[in-house]
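Q:
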Amino acid sequence: MTVSYAVLGLIEESARHGYDLKQSYDRRFGEAKPIRFGQVYRTLAQLVRDGRAEVAGVEPGAGPERKRYAITSAGAADLDRWLAEPEDPRPQLQTVLFTKVVLALLSGRSAERFLDAQRARHMAAMRELTASRRESGVVGDSLLADYRLFHIEADLRWIDHAAGRLADLAREVRS
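When we follow this note's numbering, the leftmost residue of the sequence shown carries the number 318, and every step to the right adds one.
1) Output the distance between the C-alpha atoms of A373 and L325, rounded to the nearest integer angstrom.
2) Mind checking which residues open and close the beta strand (DSSP E) that includes R376?
3) Grouping DSSP H, G and I as helix and E and B as strand, with all else coil, what is A387?
4) Find the nearest neighbour of L400 within the set F354, V357, Q340, V419, judged by alpha-carbon distance.
5) What did DSSP end up calling R430 once you bin it into helix, strand or coil?
6) Between which residues of its own chain and I469 is the CB-CB distance below 7 Å, once the five residues before and five after are set aside?
7) Sorted by chain position, which residues of the same chain lie with C-beta nearer than 6 Å to V490's C-beta, five sequence neighbours on each side aside?
8) Looking only at DSSP bridge pairs, what is H334 linked to?
9) Only counting the same chain, and skipping five residues up and downstream in sequence, which positions put a Cβ closer than 6 Å to that of V364?
10) Within this structure, are the beta carbons of L327 and Y342 separated by less than 8 Å?
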């Protein structure tokens, strides 16, 4: 799911053909979540099929003609909704959070507002887990709650750290 939103965000920045899109994705997100060219083209086909992207033009190439893809108004609305929606805390969430922060910065949306909403979602989850942990007399349930709490704490540390470096990241992603 995150790949399709990353692709939407990148074509919102500017219309792109698949090769350029893959290069831009790799530069920004590839280390954390690599994708193959085939996945780029499958994602673009799905986005076009769903009305969230469209072919904005065709360019001649050395081989087959290259299609340039752009986001549609429905795609922009869907991306806007996704970027504004905090994620439920879970292990290995940092890749999704990072993607949302970068796409918010690329598009001129408020990454700070997203991080604030995400922090609130994490804090609510911590309160719920802490309450259920207190009520449970089962060691296994308590240990599982501790596991989830420790991951949420790590996410919160990252959220605070990222919030403090937004200006630097904004300059980096826009260059």
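Every residue, glycine too, gets a C-beta built ideally from N, C-alpha and C.
A: Walking through what the data contain:
1) 14 Å
2) With the sequence shown as reference, residue 376 is identified as Glu, and Arg is not the correct amino acid for it. It spans 370-376 - the beta strand (DSSP E) in which E376 sits, taken as one unbroken run.
3) strand
4) V419
5) helix
6) P406, H439, A442, M443
7) V419, L422, L423
8) R385
9) For the sequence presented, residue 364 should be read as Leu rather than Val. Only A370 meet the Cβ criterion.
10) yes
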